[in-house]
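Residue numbers (the working numbering): 70 to 199. Following: one structure in structure tokens, then a few remarks.
Written out as structure tokens, the structure is:
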């Protein structure tokens, strides 16, 4: 079991449940809205944040990822979305909000591998010496 803390953000409970299954073995916390994610990020530090783009309340996941980038700059940030608009991807990359961008439905193995790779690349495992 990994002690890496991951925040997942999606307004759909079924998607959060699927993401939790994909990320089993990590310490997963869920948020269903931008305000909820902000409150959680103010309270705790995370190794990674994985957010949907469209959060159903007129706000988007890039707000969460930007907030994480500023408040927790070492946090890995992934955008997972069903939105195929290339402008979303361009905005995510240009604003520096994401390390990786995945389209729904995501491939479980690819998402896990990419997350493990980014965590290893950016942060040594807790308790290890640099």
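Glycine residues also receive a C-beta, built at the ideal position from the N, C-alpha and C atoms.
Residue 177, DSSP secondary structure in three states: Locating residue 177 in the chain shown gives position 108, where the first residue counts as 1. Assigned with DSSP and collapsed to three states, residue 177 falls in helix.
Whole-angstrom C-beta distance between residue 97 and residue 75, which should lie under 8 Å: In the chain shown, counting from the first residue as 1, residue 75 sits at position 6. In the chain shown, counting from the first residue as 1, residue 97 sits at position 28. Their Cβ separation, rounded to whole angstroms, is 5 Å, which keeps residue 75 and residue 97 in contact under 8 Å.
Where residue 189 falls, given that 16 or more other Cβ within 10 Å makes a residue buried: The residue labelled residue 189 in the question sits at position 120 within the chain shown. Per the 10 Å Cβ criterion, exposed.
Simplified DSSP state of residue 116, which is helix, strand or coil: Indexing the chain shown from 1 puts residue 116 at position 47. In this structure, residue 116 counts as coil in the three-state DSSP scheme.
Ranges of the alpha helix (DSSP H) found wholly within the stretch 95-141, counting only runs of at least 4: Whole alpha helix (DSSP H) segments, 4+ residues: 103-112, 130-140.
Identity of the residue in 77, 167, 145, 157 nearest residue 92 by Cα: On the chain shown, residue 92 is found 23 positions in, with the first residue counted as 1. Selection 77, 167, 145, 157 evaluated against residue 92 yields 77 as nearest (Cα-Cα).
Residue 110 vs residue 118 beta-carbon contact at 9 Å: Residue mapping note: residue 110 aligns to position 41 of the chain shown, counting from 1. Residue mapping note: residue 118 aligns to position 49 of the chain shown, counting from 1. It is a contact, given that the beta carbons lie within the stated cut-off.
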